[in-house]
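A short worksheet on the structure shown next.
There are 2 protein chains.
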Amino acid sequence: MQSASEFVEARRPTGGRRSSKRDFIVDVFLRQEGHLSADDLVDLIRHEDARISRATIYRTLQWMVDAGIARRVDFGEGRFRFEHSYRHPRHFHLICKSCDRSFEFLSSDIESLLEEIAAARHFSPRQSVLQIYGTCEQCRTGRPSRALDGSLTEAVFARDALRIAIATERSGLEFYTRATRLTKDTRGRQVFERLAGEEGEHLAKLEARYGELVAARPGLEAEPTFLFFKGAANGLFAAGSKELRQGDGRAALLIGIRCERGSYKFFKRYGERFEESEGKRVFLEFADEEREHLDLLRREYRALDARARRRTAVRRRRTSA
Amino acid sequence: MQSASEFVEARRPTGGRRSSKRDFIVDVFLRQEGHLSADDLVDLIRHEDARISRATIYRTLQWMVDAGIARRVDFGEGRFRFEHSYRHPRHFHLICKSCDRSFEFLSSDIESLLEEIAAARHFSPRQSVLQIYGTCEQCRTGRPSRALDGSLTEAVFARDALRIAIATERSGLEFYTRATRLTKDTRGRQVFERLAGEEGEHLAKLEARYGELVAARPGLEAEPTFLFFKGAANGLFAAGSKELRQGDGRAALLIGIRCERGSYKFFKRYGERFEESEGKRVFLEFADEEREHLDLLRREYRALDARARRRTAVRRRRTSA
DNA sequence: CTAGGTGCAAATAATTTGCAGAGGC
DNA sequence: GCCTCTGCAAATTATTTGCACCTAG
Numbered sequence: 005m006q007s008a009s010e011f012v013e014a015r016r017p018t019g020g021r022r023s024s025k026r027d028f029i030v031d032v033f034l035r036q037e038g039h040l041s042a043d044d045l046v047d048l049i050r051h052e053d054a055r056i057s058r059a060t061i062y063r064t065l066q067w068m069v070d071a072g073i074a075r076r077v078d079f080g081e082g083r084f085r086f087e088h089s090y091r092h093p094r095h096f097h098l099i100c101k102s103c104d105r106s107f108e109f110l111s112s113d114i115e116s117l118l119e120e121i122a123a124a125r126h127f128s129p130r131q132s133v134l135q136i137y138g139t140c141e142q143c144r145t146g147r148p149s150r151a152l153d154g155s156l157t158e159a160v161f162a163r164d165a166l167r168i169a170i171a172t173e174r175s176g177l178e179f180y181t182r183a184t185r186l187t188k189d190t191r192g193r194q195v196f197e198r199l200a201g202e203e204g205e206h207l208a209k210l211e212a213r214y215g216e217l218v219a220a221r222p223g224l225e226a227e228p229t230f231l232f233f234k235g236a237a238n239g240l241f242a243a244g245s246k247e248l249r250q251g252d253g254r255a256a257l258l259i260g261i262r263c264e265r266g267s268y269k270f271f272k273r274y275g276e277r278f279e280e281s282e283g284k285r286v287f288l289e290f291a292d293e294e295r296e297h298l299d300l301l302r303r304e305y306r307a308l309d310a311r312a313r314r315r316t317a318v319r320r321r322r323t324s325a
Numbered sequence: 005m006q007s008a009s010e011f012v013e014a015r016r017p018t019g020g021r022r023s024s025k026r027d028f029i030v031d032v033f034l035r036q037e038g039h040l041s042a043d044d045l046v047d048l049i050r051h052e053d054a055r056i057s058r059a060t061i062y063r064t065l066q067w068m069v070d071a072g073i074a075r076r077v078d079f080g081e082g083r084f085r086f087e088h089s090y091r092h093p094r095h096f097h098l099i100c101k102s103c104d105r106s107f108e109f110l111s112s113d114i115e116s117l118l119e120e121i122a123a124a125r126h127f128s129p130r131q132s133v134l135q136i137y138g139t140c141e142q143c144r145t146g147r148p149s150r151a152l153d154g155s156l157t158e159a160v161f162a163r164d165a166l167r168i169a170i171a172t173e174r175s176g177l178e179f180y181t182r183a184t185r186l187t188k189d190t191r192g193r194q195v196f197e198r199l200a201g202e203e204g205e206h207l208a209k210l211e212a213r214y215g216e217l218v219a220a221r222p223g224l225e226a227e228p229t230f231l232f233f234k235g236a237a238n239g240l241f242a243a244g245s246k247e248l249r250q251g252d253g254r255a256a257l258l259i260g261i262r263c264e265r266g267s268y269k270f271f272k273r274y275g276e277r278f279e280e281s282e283g284k285r286v287f288l289e290f291a292d293e294e295r296e297h298l299d300l301l302r303r304e305y306r307a308l309d310a311r312a313r314r315r316t317a318v319r320r321r322r323t324s325a
């Protein structure tokens, strides 16, 4: 896994010069969680030791934003705050107006909708800001609310990515199991059997990986959901499963192709948009699996279709003879 | 329809004192479209005549925000802008970083997801900010992009609300037509026939209303979509339609109840959250229609169910006798 | 040696505030 | 007359900049 300094080195712009003060500021900044104002950072620097000018702090913050080490966020307070992106995927915010704390989340469904809306308006989106202002549980009820532990964000993201993959896999397994049961055609049924087997194996692998992840980090499973999803992709198989009709292997293959394609596209595109992280890897590896299934289904569909056409031709020849 | 001054009077806070300067500022502000900075408003005031202090402008802007006449928006420029809410429903923004123009939109699907996410995190949302930063069509291709004409926003909102209602109505009509065809049971079939008839009538009414709206405002239909929706409610009937099985009236009624309830809830809740406007009325009136259908379906279901149970009881008695 | 990087103090920019006077009710 | 609103100028807050000096490559 990438260390904080590797993270910075990988982003250091060419042409610039090294400076111990800047390195020190960056180091202090990366050790913080949450959203710091420029002033917060000045205080931290002052406490840690050095007398570094306010202007340098501002200049270094700008430098980090340009380098992709920091993100500038705006909670409407009339000043900006900064959060680092080291082991911290991009996200949206819930902001409590009562205690001024903020909580992070992400939603693949919302991100898909945003892309569609931008496309409908012929707009090229570069970045989205989404903030829900209101009152947190703690301020409303007094009960301490689970603020997502900042140091766990990356692990929570990976956890949620795995949960999505597992849900999709389960849905796919169900689809292929049902397709196996329904399909009359031998060759078609064999394809579904094979895919059901693969989905089962892969599901077991994903579940093992999930088990390892949560075993290594106490309390990880209890952390609130970070990445929300409602079947942007995994709803596909459930819908496809309903459409399956008794017997028809070719129709079933077509439905399978549609489901796998949707799933592949979702995981590929969504995965690609993330910074290097376990969660990103989960999405991309999963996309690869779906891609293989998709290719297999397409090959089989073409084969079955060719055979069907040959038969029709033979029948026609016989009829006309 | 409410005039600008009625709009202001309805919101004027009690206890305050009237002032001609403030009235003048509010008047100038309400005549503007788009997002003004405090400075823009100062310039406007200066041009219109008066020498009013900058401080008074700021104080009046704050006063308008508190009264609900203005909304403060923050495009990350380091200063705030203000938009009035007279005939202007709340919305989200697409913001072009190249030409600094902004484009408005709303999405019922996103708003539903936001509510779900807030609920999952035990957070009481009060207000959401959603901004998509990027490049607009015009800046990218040179082709003039349709900026939604500000003076039409309310009409466009009404247009889109009607489109949603019409799409839902069509979907409902299809559902009941299919249910009429499939249902064996006479009484059940009659319910569906009646509802299909009502949906048909209501559909015609909505279409007429849509026709009037667009006839009164040239170019309204060509305006880009403001309110995006992908079947937060109207997908229900399509899904329900697929589930209908041959013959079973009670099952069909249950599916109908589920669809109407979903539809009713969506239009009711969504409509309630808007400021007084034609679009809001469309949603709420539509919700009332759905409510009536829902009640009818429930009554009929109970009747059919009671009858079925009586029959079972009679059969049992005969068997045991 | 030279292009950056830094400190300091001054500049900028948006917004707020203290206070004396004006004006509604 | 009282309490709110207004104007003006000064204050505040966040951030940027000019310029002389410093320092890594």
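Chains X and D supply the protein sequences, listed in that same order.
For the first sequence, position 314 (counting from the first letter as 1) is numbered 318 according to this note's numbering, and the numbering increases by one without interruption.
For the second sequence, position 88 (counting from the first letter as 1) is numbered 92 according to this note's numbering, and the numbering increases by one without interruption.
Even glycine gets a Cβ: it sits at the ideal position worked out from N, Cα and C.
Check	Outcome
Closer than 8 Å to chain D by CB, Leu301 (chain X)	no
Buried or exposed by the 16-neighbour rule on C-beta atoms within 10 Å, applied to Ala169 (chain X)	buried
Chain-ordered neighbours of Cys140 (chain X) on chain D, where CB pairs are closer than 7 Å	Phe127
Range of the contiguous beta strand (DSSP E) that encloses Cys3 (chain D)	Nothing can be reported for residue 3 (chain D): it is not among the residues displayed for chain D, which extend from 5 to 325.
Terminal residues of the alpha helix (DSSP H) in which Phe2 (chain D) lies	There is simply no residue 2 (chain D) to check, as chain D begins at 5 and stops at 325 in what is shown.
Contact the region 116-135 of chain D vs the region 186-200 of chain D: 3+ CB pairs below 8 Å	no
6 Å CB neighbourhood of Asn238 (chain X) in its chain, flanking five on each side removed	Ala171, Thr172, Ser175
Beta-carbon contacts of Ile29 (chain X) that lie in its chain and below 6 Å, excluding the five residues immediately before and after	Thr64
For Phe179 (chain D), the nearest candidate out of D:Asp164, D:Ser7, D:Ala14, D:Phe196 (CA to CA)	D:Phe196
Beta carbon proximity, Gln66 (chain D) to chain X, threshold 8 Å	no
Beta-carbon separation (whole angstroms), Phe11 (chain X) vs Leu40 (chain X), contact threshold 8 Å	That belief does not hold up - the Cβ atoms of Phe11 (chain X) and Leu40 (chain X) are roughly 18 Å apart, past 8 Å.
Contacts of Tyr137 (chain D) in chain X (Cβ-Cβ under 8 Å)	Pro129, Arg130, Gln131, Ser132, Val133
Among D:Val46, D:Arg105, D:Arg167, D:Arg58, nearest to Leu328 (chain D) - alpha-carbon criterion	No answer is possible for residue 328 (chain D): it lies beyond the span of chain D, which begins at 5 and ends at 325.
Length at least 3, wholly inside the region 108-192 of chain X: the beta strand (DSSP E) runs in chain order	128-139
Proximity test, Cβ basis, 8 Å: Pro93 (chain D) and chain X	no
Glu264 (chain X) beta carbon less than 8 Å from that of Leu301 (chain X)	yes
His97 (chain D) - DSSP class collapsed to helix/strand/coil	strand
For Phe233 (chain X), the three-state DSSP class (helix, strand or coil)	coil
Spatial distance of Asp153 (chain X) from Lys269 (chain X) (CA atoms)	31 Å
Ala149 (chain D) at chain X interface by Cβ criterion, 8 Å	Per the sequence presented here, residue 149 (chain D) reads as Ser, with Ala not at that position. True, the Cβ-Cβ gap to chain X drops below 8 Å.
Leu248 (chain X), DSSP secondary structure in three states	coil
Environment of Gly192 (chain X) [buried if 16+ CB atoms lie within 10 Å]	buried
Alpha-carbon to alpha-carbon, Arg21 (chain X) and Arg150 (chain D)	46 Å
In DSSP terms, what Val347 (chain X) is bridged to	Given that chain X is displayed from residue 5 to residue 325, the structure contains no residue 347 (chain X) and the question cannot be resolved.
C-alpha distance - Thr184 (chain X) paired with Arg254 (chain X), whole-angstrom precision	13 Å
Pairwise C-alpha distance: Leu110 (chain D) and Pro93 (chain D)	9 Å
Exposed unless 16 or more other CB atoms sit within 10 angstroms - verdict on Met68 (chain X)	buried
Any C-beta of chain X under 8 Å from that of Ser111 (chain D)	yes
DSSP three-state assignment for His297 (chain D), whether helix, strand or coil	helix
Proximal chain D residues relative to Phe232 (chain X), where beta-carbon distance stays under 8 Å	Leu117, Glu120, Ile121, Ala124
Neighbourhood of Ser245 (chain D) by C-beta, 7 Å cutoff - its chain only, sequence neighbours within 5 removed	Glu178, Phe179, Arg182
For Arg85 (chain D), three-class secondary structure by DSSP	strand
Proximal residues of chain X, C-beta to C-beta of Arg144 (chain D) below 7 Å	Ser128
Chain D contact for Phe107 (chain X) (CB, 8 Å cutoff)	yes
Min CB distance Leu298 (chain X) to chain D below 8 Å	no
One or two residues paired with Ala243 (chain X) in a DSSP bridge	Bridge partners of Ala243 (chain X): none, in fact.
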